[in-house]
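K.L.:
Protein chains: 2
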Amino acid sequence: MAETSAKGESLLFLTDEQLRKGIEAMFFAYRGFTADPDRILETMDYGRAHHRAIHFINRSPGLTVSGLLALLGVTKQSLNRVLRTLFEDGLVEARVGKTDKRERRLHLTEKGAALERALSDAQRARMRAAYRAAGPQAVQGFRTVLEAMMDPEMRRQYLGLREEAQ
Amino acid sequence: MAETSAKGESLLFLTDEQLRKGIEAMFFAYRGFTADPDRILETMDYGRAHHRAIHFINRSPGLTVSGLLALLGVTKQSLNRVLRTLFEDGLVEARVGKTDKRERRLHLTEKGAALERALSDAQRARMRAAYRAAGPQAVQGFRTVLEAMMDPEMRRQYLGLREEAQ
DNA sequence: GAATTTACGTCAGCCTTGTTGACATTCCAA
DNA sequence: TTGGAATGTCAACAAGGCTGACGTAAATTC
Numbered sequence: 017m018a019e020t021s022a023k024g025e026s027l028l029f030l031t032d033e034q035l036r037k038g039i040e041a042m043f044f045a046y047r048g049f050t051a052d053p054d055r056i057l058e059t060m061d062y063g064r065a066h067h068r069a070i071h072f073i074n075r076s077p078g079l080t081v082s083g084l085l086a087l088l089g090v091t092k093q094s095l096n097r098v099l100r101t102l103f104e105d106g107l108v109e110a111r112v113g114k115t116d117k118r119e120r121r122l123h124l125t126e127k128g129a130a131l132e133r134a135l136s137d138a139q140r141a142r143m144r145a146a147y148r149a150a151g152p153q154a155v156q157g158f159r160t161v162l163e164a165m166m167d168p169e170m171r172r173q174y175l176g177l178r179e180e181a182q
Numbered sequence: 017m018a019e020t021s022a023k024g025e026s027l028l029f030l031t032d033e034q035l036r037k038g039i040e041a042m043f044f045a046y047r048g049f050t051a052d053p054d055r056i057l058e059t060m061d062y063g064r065a066h067h068r069a070i071h072f073i074n075r076s077p078g079l080t081v082s083g084l085l086a087l088l089g090v091t092k093q094s095l096n097r098v099l100r101t102l103f104e105d106g107l108v109e110a111r112v113g114k115t116d117k118r119e120r121r122l123h124l125t126e127k128g129a130a131l132e133r134a135l136s137d138a139q140r141a142r143m144r145a146a147y148r149a150a151g152p153q154a155v156q157g158f159r160t161v162l163e164a165m166m167d168p169e170m171r172r173q174y175l176g177l178r179e180e181a182q
């Protein structure tokens, strides 16, 4: 992949110092990345874990619990604690699977969708500003490097998004 | 900034869908980013918080506690718990400041430096593989977008690295 | 039709890492 | 000399990870 650019021209970008800069960039940028939604969440009684669940349920309506578990990479006990509060507060609802009645298909309620919008609007605003400042070429590179940094299994999840909703 | 590229050519990279992909890329990539050091840390009795402290002390020997506090963005009580175990285990040592004797200048011991090397070797290996696969142009874009995504204060910290050691 | 496996929930307990609040010490600087 | 900065520390609490064990209903397999 990335056969395009002059890859062999110079390996200066692979020095330990360059890599360290990249590592710190990830650290600091991730803080910015989560800062805006975190501010919204803390006014309610939610945390980042709730945000992640809401995000993926919104992205793939009808997602099963085990599907969500695989995406988030946590234990079911941990996820359940979060899901329970989302059910109780009426942000998420579970519908029994049509073909397999053991499954619980997760959907956002109107209220849940509203929160999702608030959270992702905030997060997208920052992302949009960063993208705009950096330009399309940089965005392309950004995505390429991030994708290469994922574990293979996560990369599958990331790339195979479209076909795993119901 | 980034006056270089054809910025006005097309704004397709700013669609909500593109932004959502970017958001998920950050999420999944960050998991990969921390996975290797995490594996090493959990064999010892340490966590990610220890890693972060060790990283920044290594980068800026002689860093003060409050300097580290600012970099990490946590409370002193939280940091202190971590620092204490690092002192006890002989990975970090504190030297009283020369000019200001209230300050405790933090340094890695040989043992601490060894752990730092192990952790950053693991993390750099993944970063290097990603960089190599993506190519220098992509790496440039990656860094540009991440930098734009940081909070201004964090960007200062990130860019002003070199001059804050003792 | 019985046995097993799968999907899910739940109880209990533990750990790390974050938080707030309060208080003490030391030392620099005005 | 006095205020404030740099630091440590005690206590208590919360979020959100984890493991282990157990239960139930539905699907699947033998």
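Protein sequence lines correspond, in order, to chains P and W. Going by my numbering, 110 is the number at position 94 of the first sequence; the sequence numbering is gapless. Going by my numbering, 88 is the number at position 72 of the second sequence; the sequence numbering is gapless. All residues carry an ideal CB built from backbone N, CA and C; glycine is no exception. These numbers come from a predicted model, not from an experiment.
Consider the Cβ of residue 160 of chain W: report whether some Cβ of chain P lies at a distance smaller than 8 Å.
P.N.:
Here residue 160 of chain W refers to the residue found at position 144 of the second sequence. Yes, residue 160 of chain W lies at the interface with chain P (some Cβ there is under 8 Å from its Cβ).
K.L.:
What does DSSP give as the partner residue(s) for residue 123 of chain P in the beta ladder?
P.N.:
For this step, residue 123 of chain P is matched to residue 107 along the first sequence. Residue 123 of chain P is bridged to P/109.
K.L.:
Straight-line CA distance for residue 86 of chain P to residue 44 of chain W?
P.N.:
In the first sequence, residue 86 of chain P corresponds to position 70, counting from 1. In the second sequence, residue 44 of chain W corresponds to position 28, counting from 1. C-alpha separation (whole angstroms): 12 Å.
K.L.:
Which same chain residues, not among the five before or five after residue 112 of chain P, have their C-beta less than 7 Å away from its C-beta?
P.N.:
Locating residue 112 of chain P in the first sequence gives position 96, where the first residue counts as 1. Cβ neighbours of residue 112 of chain P beyond the five flanking positions: 120.
K.L.:
Grouping DSSP H, G and I as helix and E and B as strand, with all else coil, what is residue 165 of chain W?
P.N.:
Along the second sequence, one-based indexing puts residue 165 of chain W at 149. Residue 165 of chain W falls in the helix class under three-state DSSP.
K.L.:
Do three or more CB pairs link the stretch 155 to 162 of chain W to the stretch 151 to 160 of chain P at distances below 8 Å?
P.N.:
At 8 Å Cβ cutoff, the stretches touch.
K.L.:
In chain order, what residues of the stretch 164 to 178 of chain W put their CB closer than 9 Å to some CB of chain P?
P.N.:
Cβ contacts with chain P: 164, 165, 166, 167, 170, 171, 173, 174 and 177.
K.L.:
Would you say residue 33 of chain W reaches chain P, if we count a Cβ-Cβ gap shorter than 8 Å as a contact?
P.N.:
Numbered from its first residue, the second sequence carries residue 33 of chain W at position 17. Not one chain P Cβ lies under 8 Å of residue 33 of chain W.
K.L.:
Kindly list the residues whose CB is nearer than 6 Å to the CB of residue 66 of chain W, restricted to its own chain and excluding five residues on each side of it in sequence; keep chain order.
P.N.:
In the second sequence, residue 66 of chain W corresponds to position 50, counting from 1. Closer than 6 Å at Cβ, skipping near neighbours: 98.
K.L.:
Going by other Cβ atoms of all chains shown within 10 Å of its Cβ, with 16 needed for buried, is residue 164 of chain P buried or exposed?
P.N.:
The sequence position of residue 164 of chain P within the first sequence is 148, counting from 1. When all chains shown are included, residue 164 of chain P counts as buried.
K.L.:
Could you tell me whether any Cβ in chain W is nearer than 8 Å to the Cβ of residue 42 of chain P?
P.N.:
On the first sequence, residue 42 of chain P is found 26 positions in, with the first residue counted as 1. It does: the Cβ of residue 42 of chain P has a partner Cβ on chain W nearer than 8 Å.
K.L.:
Name, going along the chain, the residues of the stretch 117 to 136 of chain P whose beta-carbon falls closer than 9 Å to a beta-carbon of chain W.
P.N.:
For the stretch 117 to 136 of chain P, which is checked against every Cβ of chain W, the residues closer than 9 Å are 136.
K.L.:
Taking all protein chains shown into account, do 16 or more other C-beta atoms lie within 10 angstroms of the C-beta of residue 74 of chain P, making it buried, or fewer, making it exposed?
P.N.:
Counted from its first residue, the first sequence places residue 74 of chain P at position 58. Classification for residue 74 of chain P: buried.
K.L.:
Interface residues of chain W around residue 48 of chain P at Cβ under 7 Å?
P.N.:
The residue given as residue 48 of chain P occupies position 32 in the first sequence. Here the neighbours are 165, 166, 167 and 170.
K.L.:
Buried or exposed: residue 136 of chain P, going by 16 or more other Cβ atoms within 10 Å of its Cβ?
P.N.:
On the first sequence, residue 136 of chain P is found 120 positions in, with the first residue counted as 1. Its Cβ being crowded by 16 or more others within 10 Å, residue 136 of chain P is buried.
K.L.:
Find the residues of chain W that neighbour residue 142 of chain P, judging by a C-beta separation of less than 8 Å, and give them in chain order.
P.N.:
Here residue 142 of chain P is taken as the residue at index 126 of the first sequence, counted from 1. Result: 165.
K.L.:
Could you tell me whether any Cβ in chain P is nearer than 8 Å to the Cβ of residue 90 of chain W?
P.N.:
Here residue 90 of chain W corresponds to residue number 74 of the second sequence, with the count starting at 1. Answer no: the Cβ-Cβ gap between residue 90 of chain W and chain P never drops below 8 Å.
K.L.:
For residue 52 of chain W versus residue 138 of chain W, is the C-beta spacing smaller than 8 Å?
P.N.:
Counted from its first residue, the second sequence places residue 52 of chain W at position 36. Counted from its first residue, the second sequence places residue 138 of chain W at position 122. The answer is yes: Cβ separation under 8 Å.
K.L.:
Using only CA atoms, which one of P/100, P/107, P/131 and P/33 lies nearest to residue 125 of chain P?
P.N.:
On the first sequence, position 109 is the one that residue 125 of chain P refers to. The shortest C-alpha separation from residue 125 of chain P is found at P/107.
K.L.:
Residue 134 of chain P and residue 39 of chain P: beta carbons closer than 8 Å?
P.N.:
By one-based count along the first sequence, residue 134 of chain P stands at place 118. By one-based count along the first sequence, residue 39 of chain P stands at place 23. Contact: no.
K.L.:
Decide if residue 140 of chain W is buried, meaning its Cβ has at least 16 other Cβ atoms within 10 Å, or exposed.
P.N.:
For the purposes of this step, residue 140 of chain W is taken as the residue at position 124 of the second sequence. When all chains shown are included, residue 140 of chain W counts as buried.
K.L.:
Helix, strand or coil for residue 79 of chain W per DSSP?
P.N.:
The sequence position of residue 79 of chain W within the second sequence is 63, counting from 1. DSSP places residue 79 of chain W in strand when its eight states are reduced to three.
K.L.:
Where residue 35 of chain W and residue 148 of chain P are concerned, what is the direct C-alpha to C-alpha distance, given to the nearest angstrom?
P.N.:
Here residue 35 of chain W refers to the residue found at position 19 of the second sequence. Here residue 148 of chain P refers to the residue found at position 132 of the first sequence. Distance between the alpha carbons of residue 35 of chain W and residue 148 of chain P: 11 Å.
K.L.:
Taking C-beta to C-beta, are residue 122 of chain P and residue 79 of chain P nearer than 8 Å?
P.N.:
Within the first sequence, the letter at position 106 stands for residue 122 of chain P. Within the first sequence, the letter at position 63 stands for residue 79 of chain P. Yes, Cβ-Cβ distance for residue 122 of chain P and residue 79 of chain P is below 8 Å.
K.L.:
Check residue 26 of chain W in the structure and name its three-state DSSP category.
P.N.:
Working through the second sequence from its first residue, we reach residue 26 of chain W at position 10. Reduced to three states, the DSSP call for residue 26 of chain W is coil.
K.L.:
Given a threshold of 16 other Cβ atoms within 10 Å of its Cβ, counted over all protein chains shown, does residue 19 of chain W qualify as buried or as exposed?
P.N.:
As a first step, residue 19 of chain W is located in the second sequence; it is residue number 3 there, counting from the start. Since pLDDT at residue 19 of chain W reaches only 47, below the 50 mark, its modelled position is unreliable, and the value read off the structure follows with that caveat. Classification for residue 19 of chain W: exposed.
K.L.:
Skipping 5 residues on each side, what residues in its chain have a beta carbon closer than 7 Å to that of residue 127 of chain W?
P.N.:
Taking the second sequence and counting its residues from 1, the one referred to as residue 127 of chain W is at position 111. Taken in chain order, the residues that qualify are 106 and 107.
K.L.:
Compare the C-beta of residue 30 of chain P with all C-beta atoms of chain W and state if any pair is closer than 8 Å.
P.N.:
Translated into the one-based positions of the first sequence, residue 30 of chain P becomes position 14. Closer than 8 Å: yes.
K.L.:
Note down, in chain order, every chain W residue with its Cβ under 9 Å from the Cβ of residue 156 of chain P.
P.N.:
For the purposes of this step, residue 156 of chain P is taken as residue 140 along the first sequence, with counting starting at 1. Result: 29, 153, 154 and 157.
K.L.:
Here's the rule: buried if 16 or more other CB atoms are within 10 angstroms of the residue's CB, otherwise exposed. What is residue 84 of chain W?
P.N.:
On the second sequence, residue 84 of chain W is found 68 positions in, with the first residue counted as 1. It counts as buried.
K.L.:
For residue 69 of chain W, return the contacting residues in chain P, with the cut-off set at a CB-CB distance below 7 Å.
P.N.:
Residue 69 of chain W sits at position 53 when you count from the first residue of the second sequence. The premise fails here: residue 69 of chain W is roughly 12 Å from chain P at the closest Cβ pair, so nothing lies under 7 Å.
K.L.:
Does residue 181 of chain P come out as helix, strand or coil in the three-state DSSP assignment?
P.N.:
On the first sequence, position 165 is the one that residue 181 of chain P refers to. Below a pLDDT of 50, predicted positions are generally treated as unreliable, and residue 181 of chain P, at 38, falls in that range; no measurement from the model is reported.
K.L.:
Can you look up residue 61 of chain P in the DSSP assignment and give me helix, strand or coil?
P.N.:
Taking the first sequence and counting its residues from 1, the one referred to as residue 61 of chain P is at position 45. Looking at residue 61 of chain P - three-state DSSP - the assignment turns out to be coil, as it is neither helix nor strand.
K.L.:
Cβ atoms of residue 152 of chain W and residue 82 of chain P: under 8 Å apart, would you say?
P.N.:
Counting from 1 along the first sequence, the entry for residue 82 of chain P is found at position 66. Counting from 1 along the second sequence, the entry for residue 152 of chain W is found at position 136. Not in contact: residue 82 of chain P and residue 152 of chain W (Cβ atoms no closer than 8 Å).
K.L.:
Specify the secondary structure class of residue 128 of chain W as computed by DSSP and reduced to three states.
P.N.:
Looking up residue 128 of chain W in the second sequence gives position 112. If DSSP states are grouped into helix, strand and coil, residue 128 of chain W belongs with the helices.
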